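Following: one structure in structure tokens, then a few remarks.
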Amino acid sequence: MRLPLSLLLVAVFSSIIAAAFQGQSNVVLVVFEDQVMLKTHSRFVDSLKAIGKTVEVKQANSESFDLRADGEYVYDSIVLLCPTATKMERKLSLDSLVRFVDAGHNLFVAAGHGYSDYTSKVASSIGVDLDYKRNKMTDHQQPFQSLDDGSHTIIRAGGLVQSKYLFGDENIKASDIVFSGPGATLFTDNELIDKVMWGSGSCYSTDDSRRPLSKIPRVAGAASVLAAALSTRTESRASYFGSIDTLSNDAFDKAGKKHEKALTSFLAWTVGHAGVLRTRNLVHSSIDDSGSLANEFRVKDTIKFSIDVQEWDGGKGVWSPYVADDMQVEFVMLDPWVRERLHYSGNENGTYTATIPVPDQIGVYKFNIQYFRPGLSPIVLMKVVPVRPYLHNEYERFIGMASPYYASSFSMLIGVFLLGLVILYGNKGEDGEHAKAD
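Residue numbers (mature numbering (1 follows the signal peptide of the UniProt record, and there is no 0)): -19 to -1, 1 to 419.
Here is the structure:
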């Protein structure tokens, strides 16, 4: 019985290791304001189930939100669809959400007209500064007629980042997306967050769209942020959308399929279904016969650099090669000394290669890749290597550039030899004449 028992133990431990290797659970916590919103926004939530996520739904008035169990996070992502909830701070504190994202998990927050202070604080924590809670974005030139009541506060987006990862299709236009809610801007001290959807040049934020403006609006034009996305250095994501009303089933029906696809794709991106990159198998070696160690190089060497870059295919559930022609690697000592393009090799591992000439300057260098593209996980990679001078036994026996020195040395030797001959034999005739005279 020992052999079957040992095999069983191996299988159990293998499954534990495999589960740990996956790193994250597949459960998404969705927080609604009430039971009514659960019904009116069911299609938005069902889009998570369509991509294979397990959805756990709670109302904002639930007794507690236990994010951790046995020291581990229970959820992979949190979706907050409760913009006016006022008592969330005690149940799901801002600090706990920040720690949740810092630990490598994802957060989606939706705002709306009359948002609560809690929603404002959550948005601020990811770099979004909301306009006054009673204000709405207004556009008298591009209202969405099918939902508008004459106030022109249900508007079309003026621009968006063209990314298949963020919005599901590069052919989706900004005018396909409908918005109704407060405007926002981005804090300038957060370099990781980007606006991915903004208003048109004719839109502005006001608390009464039927009354002429008496002062310059705080948010207006293309500077207004309708949606924003953040990719952290821990490979987690946080996103903001300012219109809870246009996430409803009714808005999906009236705004059209492209509106629904764009916003459900934005949610899918937030929970890590698309645009996730990883790097593997960084290898560097000298292609010259320099005899250098694996982690050091010699001046004037030629380095072969390779790295695998892969993209998560959420539909198939596998890692596939990421194909691009705009990736670069730098060889840096304070400043980049060499910058080379990474070329895709075409294999199934997504291997990129580059040939890097080592400068004629000793010091401590680093391979540096910084790849930032809209909708993709940032690649920030650094590997430090030393560059040494030639050893004494590595120089060539004769160096062509030293020919003048060689010539001067040999000419001096020849001169000394000739001078010796002159001294030894040049005065023999005079010695003979002196002898005869004596």
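The beta-carbon is built from N, C-alpha and C at its ideal position, and this holds for glycine as well.
Only a predicted model underlies this, so the values are computations on that prediction, with no experimental measurement involved.
Measuring alpha carbon to alpha carbon, tell me which of the options ends up nearest residue i.
i, options, result
"Ser58", "Asn87, Val12, Gln122 and Glu216", "Asn87"
"Glu14", "Ser23, Ala41, Ser266 and Gln143", "Ala41"
"Leu141", "Ile135, Leu128 and Ile158", "Ile158"
"Met69", "Ala50, Arg80 and Lys39", "Lys39"
"Gly296", "Asp269, Val257 and Gly327", "Val257"
"Lys285", "Phe312, Asp294 and Val299", "Phe312"
"Thr65", "Arg49, Tyr99 and Gln342", "Tyr99"
"Gly149", "Met393, Asn374 and Leu357", "Leu357"
"Phe46", "Arg71, Tyr346 and Ile32", "Arg71"
"Gln123", "Met308, Thr169, Thr215 and His133", "His133"
"Val82", "Val319, Val252, Ser144 and Glu277", "Val252"
"Ser287", "Val299, Gln309 and Glu277", "Gln309"
"Ala91", "Val319, Phe168, Phe233 and Ala219", "Ala219"
"Leu263", "Met393, Lys364 and Thr169", "Lys364"
"Asp186", "Gly407, Leu207, Val319 and Asn349", "Just to set this straight, residue 186 is Ser in the shown sequence, not Asp. Comparing Cα-Cα distances from Ser186 to each of Gly407, Leu207, Val319 and Asn349, the minimum goes to Leu207."
"Ser105", "Arg115, Lys117 and Phe89", "Phe89"
"Phe233", "Arg214, Leu128 and Asn328", "Leu128"
"His324", "Met314, Asp294, Leu315 and Asp306", "Asp306"
According to DSSP, is residue i helix, strand or coil?
i, result
"Gly344", "strand"
"Leu75", "helix"
"His121", "coil"
"His265", "strand"
"Val82", "helix"
"Asp175", "strand"
"Asp294", "strand"
"Tyr56", "coil"
"Thr215", "coil"
"Ser183", "coil"
"Ser(-14)", "Its pLDDT being 40, under 50, Ser(-14) is placed unreliably in this model, and the value from its coordinates should be taken loosely. Helix at Ser(-14)."
"Lys239", "helix"
"Gly356", "coil"
"Leu207", "strand"
"Thr260", "strand"
"Tyr221", "strand"
"Val142", "coil"
"Lys102", "helix"
"Asp289", "strand"
"Thr283", "strand"
"Leu244", "helix"
"Thr227", "helix"
"Asp62", "The sequence shown places Leu at residue 62, not Asp. DSSP places Leu62 in strand when its eight states are reduced to three."
"Leu128", "coil"
Please name the residue or residues paired with residue i in a DSSP beta bridge.
i, result
"Thr251", "Per DSSP, none; premise fails for Thr251."
"Asp110", "Thr166"
"Glu277", "Answer is none; Glu277 lacks a bridge partner."
"His373", "Answer is none; His373 lacks a bridge partner."
"Pro317", "Val313"
"Gln351", "Val361"
"Arg137", "Val159"
"Ile337", "Ile284"
"Ala201", "Tyr185"
"Arg322", "Gln309"
"Arg49", "Tyr54"
How is the alpha helix (DSSP H) around residue i delimited, first residue to last?
i, result
"Asn230", "Asn230 to Ala236"
"Val26", "Ser23 to Ala31"
"Phe146", "Note on residue identity: the sequence assigns Tyr, not Phe, to residue 146. Run containing Tyr146: Lys145 to Phe148, per the alpha helix (DSSP H) assignment."
Taking residue i as part of the beta strand (DSSP E), name the residues at either end of that continuous run.
i, result
"Tyr406", "Segment Ser384 to Tyr406 is the alpha helix (DSSP H) holding Tyr406; no beta strand (DSSP E) there."
"His362", "The question names His, but residue 362 is Leu in the sequence shown. Unbroken beta strand (DSSP E) run through Leu362: Ile360 to Arg369."
"Lys154", "Where Lys154 is concerned, there is no enclosing beta strand (DSSP E), given that its DSSP letter is neither H nor E."
"Val38", "Thr35 to Gln40"
"Leu10", "Val8 to Phe13"
"Asn330", "That residue, Asn330, is in no beta strand (DSSP E); it is neither H nor E in DSSP."
"Ala91", "Asn87 to Ala91"
"Glu311", "Gln309 to Met314"
"Val299", "Val299 to Pro302"
Report back the beta-carbon spacing between residue i and residue j to the nearest angstrom; my notes put them in contact at under 8 angstroms.
i, j, result
"Val200", "Asp120", "With a Cβ gap of about 12 angstroms, Val200 and Asp120 do not count as contacting."
"Val12", "Leu62", "6 angstroms"
"Gly223", "Ala165", "6 angstroms"
"Asn330", "Pro367", "Not confirmed; about 29 angstroms, so no contact."
"Gly139", "Ala203", "6 angstroms"
"Ala236", "Thr245", "Between Thr245 and Ala236 the Cβ distance is about 12 angstroms, and since that is not below 8 angstroms, they are no contact."
"Val280", "Tyr371", "7 angstroms"
"Ser181", "Pro359", "At roughly 29 angstroms, the Cβ-Cβ gap does not stay under 8 angstroms, so Ser181 and Pro359 are not in contact."
"Val9", "Val60", "6 angstroms"
"Leu147", "Ala210", "7 angstroms"
"Ala249", "Ser28", "7 angstroms"
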